[in-house]
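2 protein chains.
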Amino acid sequence: MKHVISTQSLFVFIKSALLATGFTKKNAEITADLMVQADISGQDGHGIFRLPQYIKRLQEGGMNPKPKFKILSQRTATALIDGDNGIGHLVMRHAADIAIKKARRSGVSWVGARMSNHAGPAALYTKYVLDNGLIGIYVAVGSANHMPPWGGTDLLLSTNPISIAIPSGLNPPIILDMATTVAAYGKVKTLIQSGGKMPEGWMIDKQGNPLTDPTKSKDGFLLPIGGPKGYGLSLIFGILAGTLNNAAFGRDVIDFNSDHKTITNTGQFIIALDIEAFMDLELFKSQIDNVWKEMKSSEKLPGISEIRLPGENLAKTIKKRTSLGIEIPAPLFSKLKQIADELSIPELT
Amino acid sequence: MKHVISTQSLFVFIKSALLATGFTKKNAEITADLMVQADISGQDGHGIFRLPQYIKRLQEGGMNPKPKFKILSQRTATALIDGDNGIGHLVMRHAADIAIKKARRSGVSWVGARMSNHAGPAALYTKYVLDNGLIGIYVAVGSANHMPPWGGTDLLLSTNPISIAIPSGLNPPIILDMATTVAAYGKVKTLIQSGGKMPEGWMIDKQGNPLTDPTKSKDGFLLPIGGPKGYGLSLIFGILAGTLNNAAFGRDVIDFNSDHKTITNTGQFIIALDIEAFMDLELFKSQIDNVWKEMKSSEKLPGISEIRLPGENLAKTIKKRTSLGIEIPAPLFSKLKQIADELSIPELT
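What follows is the structure in structure tokens.
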């Protein structure tokens, strides 16, 4: 049976669940909105799918429902925020607000966060910066280690994703949102739920053999893009988003999929860049339209019908899902029913 | 016959050649020093190897031997520099100096350049920022297009590399320097000189078949790391280092390997980040030493003897080549002999 839910119903359900676990009304609304945006964006591993985990963590004391953010240090163009163990969505929305203000004055800004948590898809925050007229760059330490250093087998690194968002004129914005691994772990998790197999190249086991059964993902690890290059990116993103913010990195990263109690001390950072510090904004946007035109008009490889730009599918998915609603897989739907029971809130319909 | 040249002789030769083509003494020394550093670092495709090309471009009027840099716009934490068509080494050293000063005040800075040229390996500039006690990030539009958009065959993108340098305490700094393609084009060029074959996965031809003969590289193109992900990185790095700086990107990029006259209008940018805006520098360095220890102590895949960190080989190569000198392949050596004749400067010995 298919459950297709309107974005409005999804928002109301998430908001109610968060209110029931101690969020303020405003914070429940910001978080619910960002989580719905994740689903609308096609990031199925990062929206409502994560709610059961978030609720469990809030209930078991591993996440603070009423965080009070502090600025631990700042300069004209930088800040380090203590997220007080709040959900990452709130911490990074707050960080983005600070980054936007600072970048408008200084041209660029870099805001790091410690004592944060899983914040959903990276593009949520760069898109927010973009909607405020600036270029956004976001990097996070992933919320569980699924990758060893290149040549190793100890899980010391995560998918440590990066998103970069750049405005266009007539075309959709260019938005990259990628894990430094060939596949994000969320994709492995959704395959477990849907019962699919992984293609070769996503994971290998501890002997170095390809691993394609997603239910056996614990026996192996994700592979980085470009081999040692992706390992280098993941390592350095982890240092910049984790170590530099005095947040968890390496062996200190808690697997938030299995541990709901221990504070994760997740680290993220966001950069905002004011285009007008370099060039007239409208001129820039029209030049990005030219980039669209150039890339789209390239001759194609045999069998390829269309060249795509990062963010193009995203724009289509947002349009489609906003009108048609979000499809919830049956196992997730029954989990959400259970949550409604537990929290005494209306069921998702 | 093997030609092994001391770094001092290499420096003197490059300096003399640049002086003879119109550089000031100071600029010849800065450039020669950076080019020798490229060779010492093992970046064989980016040091003395590029001298014949640079000289040709200077002689044919495609590059300005006496550039006067201008700041086109700036804010507290940003600047856009006009490199006046000078060699990239000088432009980016200048950009890095500005970035360092701004970051010390503001916490972070972002300095872009237009009207620049090929600047050698990316790590030269992040290492310079690092030597000044800050974290450095550098991105460039490559000086020739060797890659189509994902699924296409028109050469609209370059290897658009990134370097990030992070200081350590007792260990070498962590320095990543990578093309967004599986192989840098410099590696293809050095294979042509040494007569080797490319491994599968570096390039494909216009029908999508693997291309392994480096002398046929014109019939195909480089592949991005992680497929569409590396394409996305290359595209966005090109926009940030090129378009945003009003520098060349896409079809406007001149192939500086074959055209020595047309102004390239190369774009690059550099970010400097002051660690002390986030954390005590010495504490940070000791935590990076912990990262080293953690990664190195990982269990290994069968057949792997050692885990390496980005910058580890670089540190070893610098040590070895500084004492043993640089090996110059015979074809390059005779080209340099010819340059000495033409410019009436002492031969390289």
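Residue numbers (this note's numbering), protein chains in the order written: chain F, 1 to 349; chain W, 1001 to 1349. Note that the Cβ used here is the ideal one computed from N, Cα and C, for glycine as well.
Proximity of MET1178(W) to chain F, defined by a Cβ-Cβ separation below 8 Å, is satisfied. Among the residues facing chain W, ALA77(F) is included, as its CB has a counterpart in that chain under 8 Å away. Separation of GLY120(F) and ASN27(F) (C-alpha to C-alpha, rounded to the nearest whole angstrom) is 15 Å. Annotation: Cβ neighbours of ARG1251(W) in chain F (cutoff 8 Å, chain order): GLU294.
Interface flag for PRO310(F) against chain W is set, since a Cβ pair is found closer than 8 Å. At the C-beta level, SER41(F) and MET147(F) stay beyond 8 Å of one another.
Secondary structure at SER344(F): coil, using DSSP grouped into helix, strand and coil. Here LEU1170(W) is exposed: its Cβ has fewer than 16 other Cβ atoms, across all protein chains shown, within 10 Å.
GLN287(F) and LEU1157(W) have their C-alpha atoms roughly 16 Å apart.
Relative to the Cα of VAL1188(W), the nearest Cα in the group ASP1205(W), THR1215(W) and LYS1206(W) belongs to THR1215(W). Three or more beta-carbon pairs separated by less than 8 Å link the region 1261-1272 of chain W to the region 1118-1134 of chain W, which places the two stretches in contact.
Looking at the DSSP output, ILE326(F) bridges to ILE5(F). The region 167-185 of chain F makes contact with the region 232-252 of chain F; the number of CB pairs closer than 8 Å reaches 3 or more.
Among the residues facing chain F, GLN1037(W) is not included, as its CB has no counterpart in that chain under 8 Å away. The Cβ neighbour count for ARG1251(W), taken over all protein chains shown within 10 Å, is under 16; the residue is labelled exposed.
Secondary structure note for THR1126(W): it is in no beta strand (DSSP E), and the uninterrupted alpha helix (DSSP H) holding it is 1123-1131. With at least 16 other beta carbons inside 10 angstroms of its own, PRO1224(W) counts as buried. Taken through DSSP and simplified to helix, strand or coil, GLY1226(W) comes out as coil.
Note on geometry: alpha-carbon atoms of ASN246(F) and LEU80(F) lie some 10 Å from one another. In this structure, the CA atom of ASN1290(W) is about 17 Å from the CA atom of ILE1275(W). The residue among ILE98(F), THR21(F), LYS319(F) and ASN265(F) with its C-alpha nearest the C-alpha of THR78(F) is ILE98(F). When the five nearest sequence neighbours on each side are left out, the beta carbons in the same chain lying within less than 6 Å of the beta carbon of PRO1331(W) are those of GLN1193, in order along the chain. Listed by position along chain W, the residues whose Cβ is nearer than 7 Å to that of SER73(F) are ALA1277 and PHE1278. In the structure shown, the three-state DSSP call for ASP1177(W) is strand. In the pairwise beta carbon analysis, the region 1332-1344 of chain W is classified as touching the region 1010-1023 of chain W: at least three pairs are separated by under 8 Å.
Along the length of the region 263-331 of chain F, whole alpha helix (DSSP H) runs at least 4 residues long occupy 281-296 and 312-324, reported in chain order. Taking the CA atoms as reference points, ILE1175(W) sits about 13 Å from LYS1316(W).
The C-alpha of ASN1145(W) lies about 31 Å from the C-alpha of VAL1108(W). Between ASP1154(W) and chain F, the shortest Cβ-Cβ separation is below 8 Å. Just so you know, the alpha carbons of THR153(F) and GLN1043(W) end up roughly 30 Å apart. Between ASN1064(W) and the set SER1073(W), LYS1002(W), GLY1186(W) and LEU1090(W), the nearest pair of CA atoms involves LEU1090(W). Looking at the backbone, the Cα of LYS1056(W) and that of GLU294(F) are separated by about 31 Å.
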